[in-house]
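Participant: Take a look at the following structure, please.
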Amino acid sequence: MRESKYSHTIRFDDETKTVEICRILPNGSNVLLTQTPFENARSKGFESFASEIGEVLLLDSPIARRIFDL
Numbered sequence: 043m044r045e046s047k048y049s050h051t052i053r054f055d056d057e058t059k060t061v062e063i064c065r066i067l068p069n070g071s072n073v074l075l076t077q078t079p080f081e082n083a084r085s086k087g088f089e090s091f092a093s094e095i096g097e098v099l100l101l102d103s104p105i106a107r108r109i110f111d112l
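Quick note: the sequence shown uses the working numbering, first residue 43, plus one each step.
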């Protein structure tokens, strides 16, 4: 069975003051995975927040989960 490929967007929305991570489906539509206010991102600090973004992306990918035995 062939594993699905996943693409993602990370959007910093200045109007809503949020950071959103979405999965892009093969038909081009987006599925919201997580959203956080800028203030929450800022309070975590750059390195911690960047690590969290990476975690969300890796955990959403079946191929990455297989690579890391998750």
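Every residue, glycine too, gets a C-beta built ideally from N, C-alpha and C.
Closer than 8 Å by C-beta to M43: which residues in its own chain qualify, once you throw out the five before and the five after it? Chain order, please.
Facilitator: In this prediction, M43 has a pLDDT of 47, which is less than 50 and means its spatial position is unreliable; nothing more can be read from the coordinates.
Participant: Just to confirm the assignment, what range does the alpha helix (DSSP H) spanning P82 have?
Facilitator: Looking at the sequence shown, residue 82 is not Pro but Asn. Looking at the DSSP string, the run of the alpha helix (DSSP H) that includes N82 is F80 to K86.
Participant: Which residue wins for smallest C-alpha separation from N69, given the options Q77, L100 and K47?
Facilitator: The candidate whose alpha carbon is nearest that of N69 is K47.
Participant: Compute the Euclidean distance between the alpha carbons of T76 and G87, then round it to the nearest angstrom.
Facilitator: Their backbone Cα atoms lie some 18 Å apart in a straight line.
Participant: Cutting at 8 Å between CB atoms, please list the residues of its own chain near L101, excluding the five before and the five after it.
Facilitator: Hits under 8 Å: R107 and L112.
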